[in-house]
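Enquirer:
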Amino acid sequence: MKLASTRALVALVLGGVLTLGAFLGTFFWAGVPDFGFVRVAGHTDSVRYQGPFEQKIDEARYLANYVGYEAEIEADGESYAGRVVEADESRVVVGTDTGDAGAPKDTIAVADITSAVVRGSEYGRPDWGQKIFYFHVPVAEISFLVFALAAFYGIRFIMTRKREFDTRARISMEVTLTFVSLTMMTGILWTRAAWGVWWEWEPRLTTYFIMTLLVIGYFVLRNAVEDEERRALYAAAFSILAFIDAPISFFITRLIPSNHPVIERGGLEPPMLVSFIVAQIGMILLGYAIYQLRMGETMLKDRIEHAKTLLER
Amino acid sequence: MASLSWRQFRAMLKKDIVMELRTKEMLMSMGLYSLLTMVVYFVALSQAGSAFDPRDIAAGLLWLAFIFTSMLGLNRSLVHEKDQGCLEALLLSPVDRPVIFFGKVTGNLIFLLAVEALTIPVFAFLFLQGETVEVSSLAFVPLVLLAGSIGIAGVGTLLATMSVNTSGKDFILAVLFIPLAYPLLLGTVTATGAAIVGGPDAMHAFWAGMAWVLGYDVIMLLASYGLYEFIVGA
Amino acid sequence: MSDTERYAPALEVRDLTRAFGVRKALDGVTIDLPERAFLSIFGPNGAGKTTLVKVLTSLLNPTSGTAKVLGLDVVNDAVEMRQRIGLISHNPLLYPDLTAEENLLFFAEMYGIEKPHVRVAELLEAVELDHRKLDLARTFSRGMLQRLSIARALLHEPEVIFLDEPYSGLDPHAMDILDGLIAQIRARHTFVMISHDLDKGLELCTHALILAKGRVVLFEPREALDVARFRETYRATVGMGVA
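Protein chains in written order, with the numbering used here: chain A, 1 to 313; chain B, 314 to 547; chain C, 548 to 790.
(1) Given Phe-543/B, which residues of its chain have a CB within under 7 Å of its CB, disregarding the five upstream and five downstream residues?
(2) If we ignore side chains and look at the alpha-carbon of each, how far apart do Ser-696/C and Gln-442/B end up?
(3) Tell whether a beta-carbon distance below 7 Å holds between Val-180/A and Ser-143/A.
(4) Between the Cα of Glu-704/C and those of Leu-692/C, Arg-679/C and His-736/C, spot the shortest distance and give me the residue it belongs to.
(5) Buried or exposed for Leu-434/B, please, with buried defined as at least 16 other CB atoms from any protein chain shown within 10 angstroms of its CB.
(6) Considering only the alpha carbon of each residue, which of Ser-383/B, Leu-422/B, Thr-432/B and Pro-411/B lies closest to Ile-330/B?
(7) Buried or exposed: where does Pro-270/A fall if 16 or more other Cβ atoms within 10 Å of its Cβ makes it buried?
(8) Flag Arg-561/C as yes if its beta-carbon sits less than 7 Å from any beta-carbon of chain B, otherwise no.
(9) Let's test the definition: count the other Cβ atoms within 10 Å of the Cβ of Trp-525/B and tell me whether it reaches 16, buried, or not, exposed.
(10) Do you know offhand how far Ala-8/A's Cα is from Leu-241/A's?
(11) At a CB-CB cut-off below 8 Å, which residues of chain C make contact with Glu-226/A?
(12) Report the start-end ranges of each alpha helix (DSSP H) in the stretch 213-298 of chain A that is 4 residues or longer and not cut off at the edges.
(13) Measure the Cβ-Cβ separation of Pro-138/A and Gln-280/A and say whether it is below 7 Å.
(14) So the candidates are Leu-617/C, Gly-618/C and Leu-599/C; which of them puts its Cα closest to the Cα of Pro-609/C?
(15) Alpha carbon to alpha carbon, how far is Ala-796/C from Phe-165/A?
(16) Taking the CB atoms as reference points, tell me whether Ile-578/C and Ile-741/C lie closer together than 7 Å.
(17) In chain order, what residues of the same chain lie with their CB nearer than 6 Å to the CB of Ser-450/B, ignoring the 5 residues before and after it?
(18) Only counting the same chain, and skipping five residues up and downstream in sequence, which positions put a Cβ closer than 6 Å to that of Ala-246/A?
(19) Return the Cβ separation of Ile-485/B and Ala-224/A in integer angstroms, given the expectation that the two are a contact with Cβ distance under 8 Å.
(20) Could you tell me the alpha carbon to alpha carbon distance between Ile-532/B and Arg-204/A, rounded to whole angstroms?
(21) With C-beta atoms as the reference, is Met-392/B less than 7 Å away from Thr-474/B?
(22) For Glu-174/A and chain C, any beta-carbon pair shorter than 7 Å?
(23) Among all the DSSP beta bridges, which residues are the ones paired with Val-616/C?
(24) Taking a contact to mean a Cβ-Cβ separation below 7 Å, would you say Arg-689/C touches Gly-716/C in this structure?
(25) Could you work out which residue in Glu-394/B, Gly-416/B, Ile-465/B and Tyr-541/B is closest to Leu-499/B when comparing CA atoms only?
(26) How is Leu-349/B classed by DSSP in three states: helix, strand or coil?
(27) With a threshold of 16 other CB atoms inside 10 Å of the CB of Phe-379/B, please say whether the residue is buried or exposed.
(28) Secondary structure at Leu-573/C, three-state DSSP: helix, strand or coil?
(29) Can you tell which of Gly-21/A, Arg-48/A, Ile-171/A and Ile-57/A has its C-alpha closest to the C-alpha of Ala-151/A?
(30) Assess contact between the stretch 582-597 of chain C and the stretch 743-754 of chain C, defined as three or more Cβ pairs (one per stretch) separated by less than 8 Å. Is contact present?
(31) Along the chain, where does the beta strand (DSSP E) that runs through Asp-711/C open and close?
(32) Does the beta carbon of Gly-509/C come closer than 7 Å to any beta carbon on chain A?
(33) Looking at Thr-470/B and Trp-376/B, is the spacing between their C-beta atoms short of 7 Å?
(34) Does DSSP classify Lys-308/A as helix, strand or coil?
(35) Find the nearest neighbour of Leu-749/C within the set Gly-659/C, Ala-557/C, Asp-773/C and Lys-760/C, judged by alpha-carbon distance.
(36) DSSP three-state call for Pro-643/C: helix, strand or coil?
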């Protein structure tokens with residue numbers, strides 16, 4: 001008993017330190033990946049500078065969007081090269097825009113343009129939202145882990161009918177609920193940052209939503225059963241069913257017609273990878289600590305209960 | 314022993330049907346409930362005018378009605394067993410627990426299919442008049458109904474056996490049943506939708522949905538069958 | 548019935564414990580009961596009487612210890628044992644929306660009785676309900692329901708009959724009828740009865756048992772029993788109150 005609570009405290013402290021370390025690593029060490037890019041005319045000194053770009057313009061009127069960019073235009077068999085000084089729906093002025101009024105400029109009618117290419121440089125747009133990944137993914141992984149643990153203890157309970165396993169299953173489910181809630185919250189924040197919406201009926205989100213409902217259902221069920229052993233049996237049976245149901249939900253969601261962007265994660269650079277792994281280990285330790293502390297508390301309550309019954313005799 | 318189990322199974326089924334035909338409690342309440350759902354659908358859709366194709370949402374609306382009516386019926390069917398302690402008498406008799414499970418599942422399945430068979434013409438009459446539907450693919454709808462109802466009856470019977478022993482029976486059943494039935498519903502709605510709308514890809518979508526439904530049926534029925542013994546005796 | 552079966556004890560309960568966590572509903576219960584005895588179980592509410600009967604009728608499994616009814620283990624030989632026991636509870640355990648006859652026929656099927664119609668007619672006559680056999684059970688009075696419930700319990704000619712407070716909620720007339728029925732079949736059966744009614748229980752029994760907090764406080768044959776002392780013990784356990 002004492003040993004378990006010591007272990008829990010050690011896990012709590014260690015997990016806390018590691019998680020904190022991972023966050024520090026995440027913000028001060030790991031790089032920020034790019035989320036698309038930004039284009040500018042001319043050169044940029046940005047540290048995220050990626051290089052020059054060249055863009056073929058299909059419809060000449062879109063040149064209006066590229067005022068200030070270097071352009072190469074062909075119109076009526078003639079070639080023009082230079083900076084786009086002015087452009088609107090009907091005409092494009094190309095020249096060296098030095099501010100010198102005398103510099104040579106050519107005015108081209110948009111209707112005459114046969115092809116156009118613009119040049120500039122581009123730099124990556126930092127994806128700060130990605131930072132949540134170091135928190136969100138470990139938390140989500142642990143939620144699956146403890147969910148599985150709850151189902152496992154559910155099976156153990158049904159086989160042995162020992163109250164201990166019911167307690168373990170219940171506390172695993174409690175930890176699941178904690179981590180599921182955290183996953184949901186961080187997930188929703190990320191969806192808003194990356195997709196611009198708070199919620200999307202996207203396969204992974206939908207499945208996770210169902211799983212959340214199952215976990216909540218587990219506790220609703222527990223609260224509604226009077227008899228202790230019956231409550232334990234029902235809860236165990238439901239956790240097993242829920243655990244079977246969750247993967248089916250995950251895979252079946254492919255049936256939902258969906259054309260949402262798939263989040264691709266390239267290989268992680270060492271600082272990112274290390275931060276991520278440290279976060280993962282730290283959170284597993286935290287999960288373990290929560291589980292053990294709750295377990296110790298429940299055991300203590302049971303012992304008091306036991307002492308009471310002994311005194312009554 | 315096997316023939317005894319068969320006798321017991323038949324007796325359970327017969328008893329459920331006799332009781333139901335006498336009281337018409339489940340069929341009446343489920344039938345009325347599904348009719349009321351139609352009224353609510355009308356209200357819900359009244360503002361959309363003709364801006365949508367009713368065939369596209371028909372499958373979803375139908376299964377929505379089925380899932381809620383089924384919960385009503387499932388609860389009723391287990392309350393009968395629980396009320397006068399009859400379940401205890403059943404458990405005292407030398408009957409294998411799976412026989413009780415399959416007896417109840419089959420009874421519930423029959424009533425469910427009966428209500429569905431009543432609901433569909435009413436729904437078609439109210440919402441699909443004048444719509445062109447592909448008759449050739451429509452013939453597959455009963456297949457989804459059967460497969461989907463087996464899943465509902467299987468999982469639902471297990472969950473209802475639990476929920477009748479809880480405070481707040483109907484609410485508990487809904488909270489447990491709907492998330493568990495989510496994959497099933499998605500499959501049945503996909504398949505039913507494909508069969509109603511028709512078109513060149515209909516059969517492909519239909520069988521994709523059906524495959525999921527059948528897979529769900531097999532896995533969840535096995536799990537429910539395995540767990541029922543422990544639940545019913547608790 | 549063969550000789551070995553005849554002399555097999557009706558109940559053989561060894562150190563039976565039924566616990567969930569630290570809470571013990573039954574705590575080391577040991578009982579031996581010969582065949583054709585009548586055991587009355589007394590005890591305050593929450594003493595474990597119902598749990599004991601549930602374990603003996605295989606509705607609950609013991610946590611530890613063993614229990615044999617008619618030499619059959621309640622866990623391993625449950626299905627065989629169920630064929631040979633019956634339960635009359637204070638709950639009728641009948642379907643209100645079936646007629647008296649349909650109720651009995653249904654349970655006859657569950658027990659796999661041959662010629663169910665003959666057997667059911669026989670029993671309906673025995674409990675004097677054949678004139679109402681086509682009426683729904685829900686229209687029956689409490690006394691009639693109890694009689695029908697007795698018929699249900701006797702369908703498969705059980706050797707051991709469990710009675711779970713069968714007198715509760717009965718009017719005096721129905722009690723008399725129940726007494727008469729028990730007297731009729733008394734000689735051929737073993738009875739185990741839970742009762743709150745001390746006089747009634749003592750009047751009927753050959754063995755008396757007092758349970759309190761899951762433990763056997765007293766277990767003696769009726770003839771060896773000092774009634775005054777017995778009453779004293781019983782009162783003391785009730786005084787211990789509900790746990």
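Ideal placement from N, C-alpha and C gives every residue a C-beta, glycine not left out. All values derive from a computational prediction rather than experimental measurement.
Expert: Well, looking at it:
(1) none
(2) Straight-line Cα distance between these residues: approximately 55 Å.
(3) Result yes, Cβ atoms of Val-180/A and Ser-143/A sit closer than 7 Å.
(4) With distances taken between Cα atoms, Glu-704/C lies closest to His-736/C.
(5) Per the sequence presented here, residue 434/B reads as Pro, with Leu not at that position. Label assigned to Pro-434/B: exposed.
(6) Leu-422/B
(7) exposed
(8) It does not; no Cβ of chain B falls within 7 Å.
(9) buried
(10) 30 Å
(11) The contacting residues do not exist; Glu-226/A stays about 13 Å from chain C at best.
(12) 228-252
(13) yes
(14) Leu-599/C
(15) No answer is possible for residue 796/C: it lies beyond the span of chain C, which begins at 548 and ends at 790.
(16) no
(17) Ala-508, Gly-511 and Ala-515
(18) Excluding its 5 nearest sequence neighbours in each direction, Ala-246/A has C-beta neighbours in its own chain below 6 Å: Met-211, listed in chain order.
(19) 5 Å
(20) 22 Å
(21) Correcting the residue identity first, residue 392/B is Val in this sequence and not Met. Not a contact, by the Cβ cut-off of 7 Å.
(22) no
(23) Looking at the DSSP output, Val-616/C bridges to Leu-558/C and Leu-619/C.
(24) Here Arg-689/C is near Gly-716/C, since their CB atoms are less than 7 Å apart.
(25) Ile-465/B
(26) helix
(27) buried
(28) strand
(29) Ile-171/A
(30) yes
(31) 707-711
(32) This structure does not reach residue 509/C, given that chain C is present from 548 up to 790, and the question cannot be answered.
(33) It is not a contact, given that the beta carbons lie outside the stated cut-off.
(34) Helix at Lys-308/A.
(35) Asp-773/C
(36) coil
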